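Numbering (UniProt numbering), first residue to last: 1 to 240.
Written as structure tokens, this is what we have:
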């Protein structure tokens, strides 16, 4: 196994080196390196322990303003997802959204709500970390042929229920798409696909109902409500 050094004597298990024929795929799927050179993203190593609590074990992905990592909570040996936001105000915005979600929505059981938060300080800035329950694959990345009829019927019920929870709290999601609907992780004992639990996440740009926005079109084009293409603000109706 290969090892990496953090520059202060620490070494971390980094797995095998990437074969040359896979380097392009890794570069394509990864976040741009210049965002690290500009000190916008937090440099992290597999095996690193954050906040004396979370041991990083795997990278899950990245977004426009963050990277996401799987980690083990060493207190109770459960797994979580750590969203590490780039330095600046984006982290405070993400925290404010999560706080509003918990405060306004009566039932968040079908929503991906933050369970903990803290900050990481570097010489170049402060990074907000949001801790979420670990979820399974999303609808976009799970091949359609692997999703049985019972799971599809369950999804057709659960997604509107999640949207209703947001509506009860007066919140419009604004970014509904298949990448933001995730399967929950369930024990394999007595598992049935009919019991698949779906979670709605990625609360990056929600608004309170009735709020006017400058950018009328937000979701991928194949999810557009037609009225949004004609300058209408996002509403509960356009979410459907």
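Glycine included, each C-beta is placed from N, C-alpha and C at the ideal position.
Here the structure is a predicted model, which is why all the values come from computation and not from measurement.
Point to revise | Simplified DSSP assignment, three categories, for residue 12 | key: Within the chain shown, residue 12 is the residue found at index 12, counting from 1. Bear in mind that a pLDDT of 45 at residue 12, under 50, signals an unreliable position, so the model cannot answer this.
Review point. Taking contact to mean at least 3 C-beta pairs separated by less than 8 Å, is the segment 136 to 144 in contact with the segment 63 to 83?
Key: Contact annotation: the segment 136 to 144 does not touch the segment 63 to 83, with fewer than three C-beta pairs closer than 8 Å.
Point to revise | residue 245 - containing beta strand (DSSP E), residue span | key: Residue 245 falls outside the range modelled here, since the chain spans only 1 to 240, and no answer is possible.
Exercise for review: Name the residue from 94, 114 and 132 whose alpha carbon lies nearest to the alpha carbon of residue 81.
Suggested key: Counting from 1 along the chain shown, the entry for residue 81 is found at position 81. Here the closest residue by C-alpha is 132.
Review point. Exposed or buried, what is residue 92 when buried is set at 16 or more other beta-carbons lying within 10 Å of its beta-carbon?
Key: The residue labelled residue 92 in the question sits at position 92 within the chain shown. Classification for residue 92: exposed.
Practice item. Identify every residue that forms a DSSP beta bridge with residue 138. Key: Here residue 138 refers to the residue found at position 138 of the chain shown. Answer is 182.
Review point. Quick one: is residue 153 buried, meaning 16 or more other Cβ sit within 10 Å of its Cβ, or exposed?
Key: Counting from 1 along the chain shown, the entry for residue 153 is found at position 153. Classification of residue 153: exposed, given that the 10 Å Cβ count is below 16.
Practice item. Would you give the residue range spanned by the beta strand (DSSP E) that residue 37 belongs to? Key: By one-based count along the chain shown, residue 37 stands at place 37. Residue 37: not part of any beta strand (DSSP E); member of the alpha helix (DSSP H) spanning 34 to 37, first to last residue.
Review point. Nearest-angstrom Cα distance between residue 112 and residue 204?
Key: By 1-based counting over the chain shown, the position of residue 112 is 112. By 1-based counting over the chain shown, the position of residue 204 is 204. Residue 112 and residue 204: Cα-Cα distance of roughly 12 Å.
**Study point:** Segment contact, 8 Å Cβ cut-off, at least three pairs: the segment 97 to 111 with the segment 169 to 185
**Key:** yes
Exercise for review: List the whole-angstrom C-beta distance separating residue 39 from residue 87, where the pair is believed to meet the contact cut-off of C-beta under 8 Å.
Suggested key: Your numbering for residue 39 matches position 39 in the chain shown. Your numbering for residue 87 matches position 87 in the chain shown. Indeed, because the Cβ distance is near 7 Å, the residues count as touching under 8 Å.
Check your understanding: Quick one: is residue 52 buried, meaning 16 or more other Cβ sit within 10 Å of its Cβ, or exposed?
Key -> Within the chain shown, the letter at position 52 stands for residue 52. So residue 52 ends up on the exposed side.
Review point. So residue 164 is in the beta strand (DSSP E); what residue range does that whole segment cover?
Key: Working through the chain shown from its first residue, we reach residue 164 at position 164. It is not in any beta strand (DSSP E) - residue 164 instead sits in the alpha helix (DSSP H) that spans 149 to 168.
Exercise for review: Could you tell me the boundaries of the alpha helix (DSSP H) in which residue 67 lies?
Suggested key: As a working mapping, residue 67 is identified with position 67 in the chain shown. Where residue 67 is concerned, there is no enclosing alpha helix (DSSP H), although the beta strand (DSSP E) it sits in stretches over 66 to 73.
Check your understanding: Helix, strand or coil for residue 116 per DSSP?
Key -> Along the chain shown, read from residue 1 onward, the residue named residue 116 stands at position 116. Here residue 116 sits in strand by DSSP.
Exercise for review: Note down, in chain order, each residue of its chain lying with its Cβ closer than 6 Å to the Cβ of residue 125, except the 5 sequence neighbours on either side.
Suggested key: Here the question's residue 125 lines up with position 125 in the chain shown. Hits under 6 Å: 87.
Check your understanding: To which residues of the same chain is residue 7 closer than 8 Å at the C-beta, ignoring the five residues directly before and after it?
Key -> Position 7 of the chain shown, counting from 1, holds the residue named residue 7. Confidence at residue 7 is low in this model, with a pLDDT of 46, below 50, so the placement of that residue is unreliable and no value is reported for it.
Exercise for review: Below 6 Å CB to CB, which residues in the same chain sit around residue 9 once its five sequence neighbours on both sides are set aside?
Suggested key: On the chain shown, residue 9 is found 9 positions in, with the first residue counted as 1. Only weak support is given to the placement of residue 9: the predicted model assigns it a pLDDT of 49, under 50, and the question is left unresolved by the model.
Exercise for review: Please report how far the alpha carbon of residue 108 lies from the alpha carbon of residue 95, in whole angstroms.
Suggested key: In the chain shown, the residue the question calls residue 108 occupies position 108. In the chain shown, the residue the question calls residue 95 occupies position 95. Distance between the alpha carbons of residue 108 and residue 95: 16 Å.
Review point. Since residue 237 is in the alpha helix (DSSP H), which residue starts that stretch and which ends it?
Key: For this step, residue 237 is matched to residue 237 along the chain shown. In the DSSP assignment, residue 237 falls within the alpha helix (DSSP H) that extends over 236 to 239.
Exercise for review: Please confirm whether residue 229 and residue 213 have their CB atoms less than 8 Å apart.
Suggested key: Start at 1 with the first residue of the chain shown, and residue 229 comes out as number 229. Start at 1 with the first residue of the chain shown, and residue 213 comes out as number 213. Not closer than 8 Å, so no.
Check your understanding: At what residues does the beta strand (DSSP E) containing residue 144 begin and finish?
Key -> Walking along the chain shown from the start, residue 144 turns up at place 144. Looking at the DSSP string, residue 144 is not in any beta strand (DSSP E), and its letter there is neither H nor E.
**Study point:** residue 115 to residue 130 span [Cα, whole Å]
**Key:** Position 115 of the chain shown holds residue 115. Position 130 of the chain shown holds residue 130. Each residue's Cα considered, the two are about 8 Å apart.
Practice item. Would you list the residues sitting across from residue 132 in a DSSP beta bridge? Key: Stepping through the chain shown from its first residue, residue 132 is reached at position 132. According to DSSP, residue 132 bridges with 81.
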